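Just so we're aligned, residue 37 is where the sequence shown starts under this note's numbering, counting upward by one. Glycine included, C-beta positions come from ideal geometry on N, C-alpha and C. Note that this is a predicted model, so its numbers are computed, not measured.
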Amino acid sequence: MEHEATRITGTDLDPEAAFQRRLGAVVQAVEERIAALLDDAPRRGEIARPARLVAAMRHAMLGGGKRLRPFLVIETAALFGVPFAHALNGACALELVHGYSLVHDDLPAMDDDDLRRGRPTVHKAFDEATAILAGDALLTLAFDVAADESSHTDPAVRAAFVQGLARAAGLGGMVGGQMIDLAAEGRYGDVLLDEARVRRLQAMKTGALIAFAVDAGALLGRAPLGDRQALGAYGRAVGAAFQIADDILDRESSAAAMGKRTDKDAGKGKATLVGVLGLERARRERDTLVEAAIAALASFGAKADILRSAARFTASRQS
Numbered sequence: 037m038e039h040e041a042t043r044i045t046g047t048d049l050d051p052e053a054a055f056q057r058r059l060g061a062v063v064q065a066v067e068e069r070i071a072a073l074l075d076d077a078p079r080r081g082e083i084a085r086p087a088r089l090v091a092a093m094r095h096a097m098l099g100g101g102k103r104l105r106p107f108l109v110i111e112t113a114a115l116f117g118v119p120f121a122h123a124l125n126g127a128c129a130l131e132l133v134h135g136y137s138l139v140h141d142d143l144p145a146m147d148d149d150d151l152r153r154g155r156p157t158v159h160k161a162f163d164e165a166t167a168i169l170a171g172d173a174l175l176t177l178a179f180d181v182a183a184d185e186s187s188h189t190d191p192a193v194r195a196a197f198v199q200g201l202a203r204a205a206g207l208g209g210m211v212g213g214q215m216i217d218l219a220a221e222g223r224y225g226d227v228l229l230d231e232a233r234v235r236r237l238q239a240m241k242t243g244a245l246i247a248f249a250v251d252a253g254a255l256l257g258r259a260p261l262g263d264r265q266a267l268g269a270y271g272r273a274v275g276a277a278f279q280i281a282d283d284i285l286d287r288e289s290s291a292a293a294m295g296k297r298t299d300k301d302a303g304k305g306k307a308t309l310v311g312v313l314g315l316e317r318a319r320r321e322r323d324t325l326v327e328a329a330i331a332a333l334a335s336f337g338a339k340a341d342i343l344r345s346a347a348r349f350t351a352s353r354q355s
């Protein structure tokens, strides 16, 4: 059956309305696909799926989330004619990696958060050992999904996708950024991060997965080199803007609005551009990055309007 998102082209709507409708459709499709991936029935090659582990994974992944990363995969792929259904698997693989990172980030040994998306974090709803295993299983499942033939018919494209995801998520990307972030709290001795180092930290911890979401869509669509370079500039700018917006919301928003604890970064000594630049300069930096992202799409014309709206969304979101 054709999914709702495949029927929303934006031709009868202004770009912002089209963006909201398409984002809503992607949220629904990703929710449905991940729910199907996290059912109780073992797949070929699996022996059994422990019920408590599946429940913890579902708690982490379902019933909330902006789904910006899978949205960027799907919309970027659409620029190159990739059908919605064909991009959905890769988009969900990336979202599973994001979900695992949140489960582990919330652990007492990391950020020690009790609330995520308005609900108890996984280690609170279950226990720490189950949360660790749920994160491990989500990460592993992500690569299972990405490597599956349904993610792309060309094994070379699947291999490039898997490698790109691994590098964005791992040692030189998200995980490495989290290590630097923990060190910046002073856990391993006094560390003073200047603006350049904070930017690198954020490019790794948050920006790498968002930038890869854009590149992943280009990979799935076999985009020409010039288009991939333009989209790379867009993805890096959106990733940086997203993190600054998050830091501003942590400072200014409420736990009720965010669905998680706020105003914690300064108290824990977190390295943020809000801390380095101050709120007003950080807002200007966020807005400058959004404009840079939009400018990077100039060669794509009106067909990239949804991606332009996604860039604006990073700055205007309230949670």
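{"Item": "Exposure of Y224, with buried meaning 16 or more beta-carbon neighbours within 10 Å", "Value": "exposed"}
{"Item": "Contact check, L333 vs G126, beta carbons under 8 angstroms", "Value": "no"}
{"Item": "E185 beta carbon near the ligand SAM (any heavy atom closer than 7 angstroms)", "Value": "This structure does not include the ligand SAM; it has no bound ligands of any sort."}
{"Item": "Chain-order list of residues whose beta-carbon lies under 6 angstroms from that of L132 (same chain, five-residue window excluded)", "Value": "L174, L177 and A178"}
{"Item": "C-alpha gap between R57 and A346, whole angstroms", "Value": "12 angstroms"}
{"Item": "In DSSP terms, what P78 is bridged to", "Value": "Paired residues: none, contrary to the question."}
{"Item": "When V66, T308 and G101 are compared against R155, the one with the closest alpha-carbon", "Value": "G101"}
{"Item": "Rounded Cβ spacing between F248 and F55 (contact assumed at less than 8 angstroms)", "Value": "Actually they do not touch by this definition, with Cβ atoms about 21 angstroms apart."}
{"Item": "Environment of A277 [buried if 16+ CB atoms lie within 10 Å]", "Value": "buried"}
{"Item": "Contacting residues, own chain, Cβ-Cβ under 7 angstroms from V312 (five flanking each side not counted)", "Value": "E231 and V234"}
{"Item": "Alpha-carbon to alpha-carbon, D226 and D148", "Value": "21 angstroms"}
{"Item": "Outcome for A192 when other beta-carbon atoms lying within 10 angstroms are tallied against a minimum of 16", "Value": "exposed"}
{"Item": "Between the CA atoms of I110 and L368 - distance to the nearest angstrom", "Value": "The structure shown does not extend to residue 368, since the chain is modelled only from 37 through 355, so no value can be given for it."}
{"Item": "Continuous alpha helix (DSSP H) stretch holding S137: start and end", "Value": "F120 to D141"}
{"Item": "Proximity winner among D50, G212 and Q279, relative to G318 (alpha-carbon distances)", "Value": "Sequence check: residue 318 is Ala here, not Gly. Nearest option by C-alpha distance: Q279."}
{"Item": "Pairwise C-alpha distance: I284 and E68", "Value": "32 angstroms"}
{"Item": "Beta-carbon gap between C128 and V211 smaller than 8 angstroms", "Value": "no"}
{"Item": "Coarse secondary structure for P51, derived from DSSP in three states", "Value": "helix"}
{"Item": "Range of the contiguous alpha helix (DSSP H) that encloses Q354", "Value": "That residue, Q354, is in no alpha helix (DSSP H); it is neither H nor E in DSSP."}
{"Item": "Beta carbon of A195 nearer than 8 angstroms to that of L124", "Value": "no"}
{"Item": "With 16 other Cβ atoms within 10 Å as the buried cut-off, status of K339", "Value": "exposed"}
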